[in-house]
DNA sequence: AATAAAATAGTAATAGTTACTGTTTTATTA
DNA sequence: TAATAAAACAGTAACTATTACTATTTTATT
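Here it is, written out as structure tokens:
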């Protein structure tokens, strides 16, 4: 049986994910951890992220074809991907477990779970959109 | 302005996607087209798939970290990924556009659409599961 | 302190996809 | 129908995200 051994790198990766509310990629985590451990290797970050996901201490988010993002909050919840800034943001909306049952009524297979990702423009980018619209108005008046 | 020119390879790729109801990857399409055009290049398949997606004639399906799958049916609908055989299967279930509006009520951003993928065991693999359970029963009795 | 297992850093390799380049097809004009 | 220009091509190189490998270091146990 393979027993888990303590690793300060793994601790640091987990602490990083618990501390931040964005959903960093392996690369972003790598950059952050390097401040404390300047010669941690990217492979170590990936290996430990995979381990933490297996242990259920961290959640992996597949975002289209881009790099995976990671979430320290393991409660099932949905995410929003902003098509402007590319940020991955938590959705303040209950996870709809009942969708599995609903789907199961239409489909003869065994529906166990689902992944959902919303797309659109985040509040910050909406704000910027409005500001630049106003700019256009102004220059039109002048 | 760049005008589109006819290409027999592109026609063949589109025909292939219209004809089959599985959801092949670029590689699987490449293999299929090679029967008719033995020296088509994989790059051509990718380039044309991207083009067809842009033209809205074909749909791209992101499946976790694996290769993308493609669907000749462009009507928005959900898919099911079997964790046994890995097949991507159409869900006979309406696309829930109202989920966008629902999400929008909780989230201050502009929710434009969503992607959902169901996971579980497909009917064929369920069948096999049942058969092997019966095998176990038999040997237990004998 | 000695030992064994696990984890590491660093590097090489892999999968999926895109970019580049010289040649061939397509479509338009002469 | 031949000449031309644009688009697409095949083939290959490059790229991004990730995993695998290896010799060394860290952790934990005896």
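Residue numbers (the numbering used here), protein chains in the order written: chain F, 73 to 214; chain V, 73 to 214.
We treat Cβ as the ideally placed atom computed from N, Cα and C, and that holds for glycine.
Just so you know, these numbers come straight off a predicted model, no measurement behind them.
Closer than 8 angstroms at the beta carbon, the chain F residues around residue i
i                     : result
residue 178 (chain V) : 163, 164 and 165
residue 95 (chain V)  : Simply none; closest approach about 15 angstroms.
residue 134 (chain V) : 134, 136 and 137
Contact belief for residue i with residue j at Cβ below 8 angstroms, rounded distance in angstroms
i                     : j                     : result
residue 86 (chain F)  : residue 117 (chain F) : Residue 86 (chain F) to residue 117 (chain F), Cβ: 11 angstroms. No contact.
residue 127 (chain V) : residue 143 (chain V) : At roughly 14 angstroms, the Cβ-Cβ gap does not stay under 8 angstroms, so residue 127 (chain V) and residue 143 (chain V) are not in contact.
residue 164 (chain V) : residue 179 (chain F) : 6 angstroms
residue 198 (chain F) : residue 181 (chain V) : 6 angstroms
residue 119 (chain F) : residue 112 (chain F) : Residue 119 (chain F) to residue 112 (chain F), Cβ: 11 angstroms. No contact.
Residues near residue i in its chain [Cβ-Cβ closer than 7 angstroms; skip 5 each side]
i                     : result
residue 139 (chain F) : 97, 98 and 99
residue 74 (chain F)  : none
residue 148 (chain V) : 167
residue 214 (chain V) : Because the pLDDT of residue 214 (chain V) is 45, which lies under 50, any placement of that residue in the model is unreliable, and the number read from its coordinates should be weighed accordingly. Closer than 7 angstroms at Cβ, skipping near neighbours: no residue.
residue 188 (chain V) : 150
Residue(s) in a DSSP beta bridge with residue i
i                     : result
residue 185 (chain V) : F:191
residue 151 (chain V) : V:162 and V:189
residue 132 (chain F) : F:142
Where residue i meets chain V, residues with beta-carbon distance less than 8 angstroms
i                     : result
residue 186 (chain F) : 188, 189, 190 and 191
residue 140 (chain F) : 137
N- and C-terminal bounds of the beta strand (DSSP E) containing residue i
i                     : result
residue 143 (chain F) : 141-143
Beta-carbon contacts of residue i that lie in its chain and below 8 angstroms, excluding the five residues immediately before and after
i                     : result
residue 194 (chain V) : 152, 154, 156, 157, 159 and 161
residue 101 (chain V) : 85, 88, 89, 117, 121 and 142
residue 109 (chain V) : 80, 81 and 84
residue 172 (chain V) : 183, 184, 185 and 186
Opening and closing residue of the alpha helix (DSSP H) in which residue i lies
i                     : result
residue 106 (chain V) : 98-106
residue 85 (chain F)  : 80-91
residue 178 (chain F) : 170-178
residue 109 (chain V) : Run containing residue 109 (chain V): none; DSSP gives neither H nor E here.
residue 124 (chain V) : 114-126
Own chain partners of residue i with C-beta closer than 6 angstroms, once the 5 adjacent residues on each side are dropped
i                     : result
residue 94 (chain F)  : none
residue 114 (chain F) : 102
residue 104 (chain V) : 88
Partners in chain F for residue i, counting only beta-carbon separations shorter than 7 angstroms
i                     : result
residue 195 (chain V) : 180 and 181
residue 175 (chain V) : 163, 165 and 190
Chain V contact residues for residue i, given Cβ-Cβ distances below 7 angstroms
i                     : result
residue 198 (chain F) : 181 and 182
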